[in-house]
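Numbering (this note's numbering), first residue to last: 594 to 724.
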Amino acid sequence: MHCDEHSSWEKKAELAICPLIKFGPLRKSSMRRRMSEYILSKQAETDLRNIAIYGIQQFGIMRAECYRDDLKDRLSQIAETPLRYPAIDHVSVGYRRSVFEAHSIYFRIVLDGVFIVRILGREDPSKAFQT
594 MHCDEHSSWE KKAELAICPL IKFGPLRKSS MRRRMSEYIL SKQAETDLRN
644 IAIYGIQQFG IMRAECYRDD LKDRLSQIAE TPLRYPAIDH VSVGYRRSVF
694 EAHSIYFRIV LDGVFIVRIL GREDPSKAFQ T
């Protein structure tokens, strides 16, 4: 792949994930009460970029955008009902996981919602969380 091609994929990926990063945590209900939010870690933002690049390359921009929209919905569901998803203390204490299609979303409950730590595909979570 040429540098220009890679740059093009990255630009498309940025456009594909932009709604997740910029608009995800800013939701409000019609009743004007504050809803729970999700906050993405830097690693989760990188995971989303990689997911978008892979999705665009393998499936095209339209399917990648559909996946992005469905993933955004899942992140909002996690923020609204985080206790619905199982704790995975054996991987990392205080973490929970939501399986979404080919990915697992790892998060922690925080004061105003959830902190999305990683969004992993086939990666080994115990290795991904080593510091």
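Even for Gly, the Cβ is constructed at its ideal location relative to N, Cα and C. The structure presented is a predicted model; accordingly, all values stated were derived computationally and were not measured.
Check residue i in the structure and name its three-state DSSP category.
i    : result
G648 : helix
A721 : helix
A637 : helix
Counting along the chain, where does the beta strand (DSSP E) carrying residue i start and finish?
i    : result
Y631 : E630 to L633
R667 : Where R667 is concerned, there is no enclosing beta strand (DSSP E), although the alpha helix (DSSP H) it sits in stretches over I654 to E673.
L713 : G706 to L713
I698 : H696 to V703
R677 : First-last for R677: undefined, no H or E at that position.
Around the C-beta of residue i, are 16 or more other C-beta atoms found within 10 angstroms, so that it is buried, or is it exposed?
i    : result
G648 : buried
H683 : exposed
R689 : buried
V686 : exposed
A695 : exposed
E630 : buried
Might you give, ordered along the chain, the residues of its own chain that have their beta carbon closer than 7 angstroms to the beta carbon of residue i, omitting 5 neighbours on each side?
i    : result
A657 : A609, A645, G648 and I649
Take residue i and list the residues in its own chain whose beta-carbon comes closer than 6 angstroms to its own, dropping the five residues that flank it on each side.
i    : result
P675 : I702 and V707
R667 : F693
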